[in-house]
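Input: a single structure, listed below in structure tokens.
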Amino acid sequence: MRIVLTEEGHNYVDWETRSPVVWIEVGLLVGLLVFSLLVTPSASTLRRQAVSVVAVTVLALGGLLAATTPVADRGHLERLPEGGDIKRSKVWLVVGERAAVDVGLEEIDGFEVEVETFEDVPPAVYRQARLWAVANDGSRYCLTGWAEVDSVSDLGDSLAKAGRRALG
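Quick note, the sequence shown lines up with residues 57 to 224 if you use our numbering.
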């Protein structure tokens with residue numbers, strides 16, 4: 057996934073990551089429609105049971121996907137003369153937008169990029185990163201999910217500049 061900086065200034069940064077969950081849901085419904093159109097005219101006595109089983113399975117998978125995968129992951133940092141804040145929220149298909157992180161900028165000591173190497177089909181490996189806000193007391197707040205290393209590093213640089221904090 058790629059993080060996109062949607063708005064950036066000398067004292068604020070907005071970013072967003074979009075998930076393909078809506079297109080997956082549409083693909084499941086189109087697949088169900090095509091399957092139904094192909095099986096319904098057949099002469100088999102089990103055609104209605106087959107369409108029913110596939111429809112229930114597709115609807116259950118679609119519901120599970122909608123409940124567990126956010127459509128968008130958004131964040132915002134703003135530095136103000138009297139402090140500022142860092143926010144991260146996730147947008148879900150069914151529930152809407154929910155806050156994941158909401159912390160005052162004065163509580164944040166700096167930012168940290170975590171890079172990990174993941175293994176695909178051996179021997180292929182790929183690198184992903186996520187960004188953390190490190191608080192004065194040592195606690196950490198996750199500001200992004202796993203994404204491309206370059207986009208996370210760019211976001212970390214932008215947040216460090218706008219928030220006037222260290223990037224470690």
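In this text, a Cβ means the ideal position worked out from N, Cα and C, and glycines have one as well.
Predicted model only: the values in this text are computed from it and were never measured.
- Here the stretch 205 to 218 makes contact with the stretch 159 to 174; the two share three or more CB pairs at distances below 8 Å.
- Beta-bridge analysis with DSSP links E72 to V60, R130.
- R135 places its beta carbon less than 8 Å from that of A218.
- A residue is called buried once 16 or more other Cβ atoms fall within 10 Å of its Cβ, and V150, having fewer, is exposed.
- Shown here, T125 sits in coil according to DSSP, grouped into three states, outside any helix or strand.
- Taking C-alpha positions only, V208 is separated from D70 by approximately 13 Å.
- E162 sits exposed, since fewer than 16 C-beta atoms from the chains shown fall within 10 Å of its C-beta.
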